[in-house]
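Notes follow once the structure below has been shown.
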Amino acid sequence: MDNFKKKFFKYRAENSPKAWLFLLPALVFIGIFNVMPLINTFIISFQRGTLNNPKFNGIKNFQIVLRDPKFHRALTNTFMYAFIVVPIALIISLFIAVAINERIKFKKVFESIFFIPYLTSIIAIGVVFRYMFNGDYGFINHLLSYIGMGPINFLDNPSMSMTTVMIFGIWMGLAFNIIILLTGLRNIDESYYKVADMFGATKFEQFRRITLPQLVPIITFLLLVNFIGAFKIYGQVFAIFNGLPGIAESATTGVFYIYTKFYTENRYGQGMASAVILFFIILIFTVVQNKILKKISK
1 MDNFKKKFFK
11 YRAENSPKAW
21 LFLLPALVFI
31 GIFNVMPLIN
41 TFIISFQRGT
51 LNNPKFNGIK
61 NFQIVLRDPK
71 FHRALTNTFM
81 YAFIVVPIAL
91 IISLFIAVAI
101 NERIKFKKVF
111 ESIFFIPYLT
121 SIIAIGVVFR
131 YMFNGDYGFI
141 NHLLSYIGMG
151 PINFLDNPSM
161 SMTTVMIFGI
171 WMGLAFNIII
181 LLTGLRNIDE
191 SYYKVADMFG
201 ATKFEQFRRI
211 TLPQLVPIIT
221 FLLLVNFIGA
231 FKIYGQVFAI
241 FNGLPGIAES
251 ATTGVFYIYT
261 KFYTENRYGQ
271 GMASAVILFF
281 IILIFTVVQN
291 KILKKISK
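Numbered per the UniProt record's numbering, the sequence shown spans residues 1 to 298.
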């Protein structure tokens with residue numbers, strides 16, 4: 001009988017009162033600051049009027065948002081940012097991480113330099129980039145003048161707004177990617193490379209057949225995290241255009257559209273309806289991407 005109980009009633013952490021007791025502080029924190037706001041977002045998306053005097057509005061908020069050309073532009077800009085910035089930033093980060101991981105002098109210094117942007121306020125960096133992108137005295141246009149280009153109006157030209165945001169986004173995304181990739185590179189067994197050297201494999205062959213396959217789990221993680229972050233882009237636009245979504249709202253994104261509807265236009269129901277739509281877009285994309293990456297990694 002005792003063996004029967006041991007076999008069919010195995011210990012599980014979720015069945016232990018002590019486990020739930022230790023998890024309680026974190027669960028309370030998550031419930032208050034994550035779950036409750038999400039529930040309120042869904043509730044407000046079906047309402048109209050003020051937050052103090054809400055009235056049920058059915059699905060009209062969703063109909064208004066889905067017919068709004070500004071929302072279409074916001075989603076287009078968001079998708080364009082995500083599918084351009086994330087792959088480019090990851091590829092650049094991978095090559096920088098590999099270069100730093102090689103036996104070069106002052107390796108720790110380079111790691112610190114590349115990690116500094118991750119520790120710096122995005123608003124402070126945005127102020128610096130506004131000066132660098134300035135059409136009259138910006139450092140970038142100064143460099144372009146040496147090769148016979150420019151000046152390019154990065155900040156005041158609607159057709160350049162998203163390009164400016166994407167350049168800024170690529171630079172901002174390097175720090176986190178590089179640190180995570182360096183961790184992965186240092187966990188690869190060096191014996192693989194020694195055997196490859198014995199058989200005369202080139203550095204490129206070692207990278208393609210050893211380094212890259214070993215980094216697949218980390219690259220998968222970075223793609224998931226970076227794509228989710230890219231769909232929620234707001235800070236980069238706010239910082240680079242001094243609180244505005246570019247000239248004529250040319251750089252508006254999904255989250256900026258939500259912010260404008262909720263805080264500027266005081267259309268709380270429409271703002272939350274757009275937030276719910278963006279939430280499901282991110283959820284569906286994340287699930288699909290996760291399944292595709294799992295098949296590729298097998």
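Built from N, CA and C at the ideal position, the CB exists for glycine as well. These figures come from a predicted structure and were not determined experimentally.
Requested in this report: Please report how far the alpha carbon of residue 31 lies from the alpha carbon of residue 210, in whole angstroms.
Outcome: 43 Å
Query raised in the report: Can you find at least 3 beta carbon pairs, one from the stretch 18-30 and one from the stretch 236-252, that sit closer than 8 Å?
Result: no
Requested in this report: At 4 residues or longer, and completely inside the stretch 236-289: list those alpha helix (DSSP H) runs for me, N to C.
Outcome: 254-259
Requested in this report: Please report how far the alpha carbon of residue 290 lies from the alpha carbon of residue 213, in whole angstroms.
Outcome: 17 Å
Query raised in the report: Buried or exposed: where does residue 295 fall if 16 or more other Cβ atoms within 10 Å of its Cβ makes it buried?
Result: exposed
Query raised in the report: What is the rounded straight-line gap between the Cα of residue 144 and the Cα of residue 132?
Result: 12 Å
Report task. Within 10 angstroms of the Cβ of residue 200, are there 16 or more other Cβ atoms? Answer buried if so, exposed if not. Result -> exposed
Query raised in the report: In chain order, what residues of the same chain lie with their CB nearer than 7 Å to the CB of residue 270, ignoring the 5 residues before and after it?
Result: 61, 64, 65 and 261
Query - Sequence-distant residues of its chain with Cβ nearer than 8 Å to residue 170 (five each side left out) - result: 85, 88, 89 and 92
Query raised in the report: With which residues is residue 48 paired in a DSSP beta bridge?
Result: 55
Query raised in the report: Is it right to say residue 18 is buried, meaning 16 or more other beta carbons lie within 10 angstroms of its own, or is it exposed?
Result: exposed
Query raised in the report: Can you tell me whether DSSP reads residue 121 as helix, strand or coil?
Result: coil
Query raised in the report: When the distance is taken between beta carbons, is residue 174 closer than 9 Å to residue 101?
Result: no
**Report entry** Where the alpha helix (DSSP H) containing residue 299 begins and where it ends
**Finding:** In this structure the chain extends from 1 to 298, so residue 299 is not present and cannot be described.
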